[in-house]
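Q: Here it is, the structure, as C-alpha cells.
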Amino acid sequence: MIHKRILFVCTGNTCRSPMAEALLRTLSQEYQIDLEVKSAGTHAYNGMPASEYSSMALQEKGIDHDHRSQAITPELIRWSDLILTMTEGHQTILEQMFPEAKEKVFTLKRVAYGAQDGKQDIADPYGGSAEMYRETRDEIERAICQLLRKWNSNSENE
-18 MIHKRILFVC
-8 TGNTCRSPMA
2 EALLRTLSQE
12 YQIDLEVKSA
22 GTHAYNGMPA
32 SEYSSMALQE
42 KGIDHDHRSQ
52 AITPELIRWS
62 DLILTMTEGH
72 QTILEQMFPE
82 AKEKVFTLKR
92 VAYGAQDGKQ
102 DIADPYGGSA
112 EMYRETRDEI
122 ERAICQLLRK
132 WNSNSENE
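Numbered by my numbering, the letters in the sequence shown go through residues -18 to 139 in order.
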C-alpha cells in the first residue's frame, strides 16, 4: 500500500527530516509515485532554515530545498497517512504525544528494511562535519530508495 501523505520527523527539523523530505519528494518523481511530503521536529522552533551542511548535502545531489522548520502539531499528525521518524526515540515521543497515531508511526528504517530494535536509528549529524552530513544524506537516500522500490513492487502486484 502506498501512503500518499508522508511526514518525516526528527528533533529540530533542520537536518535529517528536511533532507528526507527533499529526497523523497525528488526520488518519488523518478519512481512515478505521487506523494505529498512534509517534515517536522519534536523539539523544533518554527521558521528556522535547514542547517548549512544539510542544504549543501542536498545541493550536491542537485536538490534545492527552501526549508523552514516547524514543530510537530496535531494538524500535521491528522494530515499524514504515514509518519516516519529518524529514531526509535522520536517514535516513542510521538506515540506518547499522539497515542491515536500509533498505528501510523514507524522509523524510516523499520518501514524500508524491516530493521529491528536497536538498528533503526539514523544518527543526528548536528554539529558535525560536512562529511557527516553527506553520510547521513546517503543513509537516508538508501532507505528511501528501498522504500520506493518496495512500494513500486507492491503497486505492480495489486
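Using N, Cα and C, we set each Cβ at its ideal position, and we do this for glycine too.
If we count the other Cβ atoms within 10 Å of its Cβ and call it buried at 16 or more, is residue 2 buried or exposed?
A: Burial call: buried.
Q: If you run the structure through DSSP and keep just helix, strand and coil, what is residue 1?
A: Looking at residue 1 - three-state DSSP - the assignment turns out to be helix.
Q: Mind checking which residues open and close the alpha helix (DSSP H) that includes residue 59?
A: Where residue 59 is concerned, the enclosing alpha helix (DSSP H) stretches over 55 to 60.
Q: How big is the Cα-Cα spacing for residue 110 and residue 38?
A: Taking the straight line from one Cα to the other gives about 11 Å.
Q: Is the distance from the Cβ of residue 50 to the Cβ of residue 67 below 8 Å?
A: It is not a contact, given that the beta carbons lie outside the stated cut-off.
Q: Could you tell me how far apart the beta carbons of residue 63 and residue 85 are, in whole angstroms, since I believe they sit closer than 8 Å?
A: Contact flag correct, Cβ pair sits at about 5 Å.
Q: Over the uninterrupted beta strand (DSSP E) stretch that includes residue 17, give me the two end residues.
A: Unbroken beta strand (DSSP E) run through residue 17: 17 to 22.
Q: Please classify residue 100 as buried or exposed, where buried requires at least 16 neighbouring CB atoms within 10 angstroms.
A: The residue is exposed, with fewer than 16 neighbouring Cβ atoms inside 10 Å.
Q: Less than 8 Å separating the beta-carbons of residue 31 and residue 57?
A: Not closer than 8 Å, so no.
Q: Measuring CA to CA, which of 80, 132, 77 and 103 is closest to residue 89?
A: The shortest Cα separation from residue 89 among 80, 132, 77 and 103 belongs to 103.
Q: Among the residues of its own chain, which have a CB less than 8 Å from the CB of residue 9, if the five just before and after it don't count?
A: Result list for residue 9: 15, 16, 18 and 129, in chain order.
Q: In the DSSP assignment, what residue or residues form a beta bridge with residue 65?
A: Partner(s): -11 and 87.
Q: Answer with buried or exposed for residue 0, where buried requires no fewer than 16 other C-beta atoms within 10 angstroms of its C-beta.
A: Residue 0 is buried by the Cβ-count criterion.
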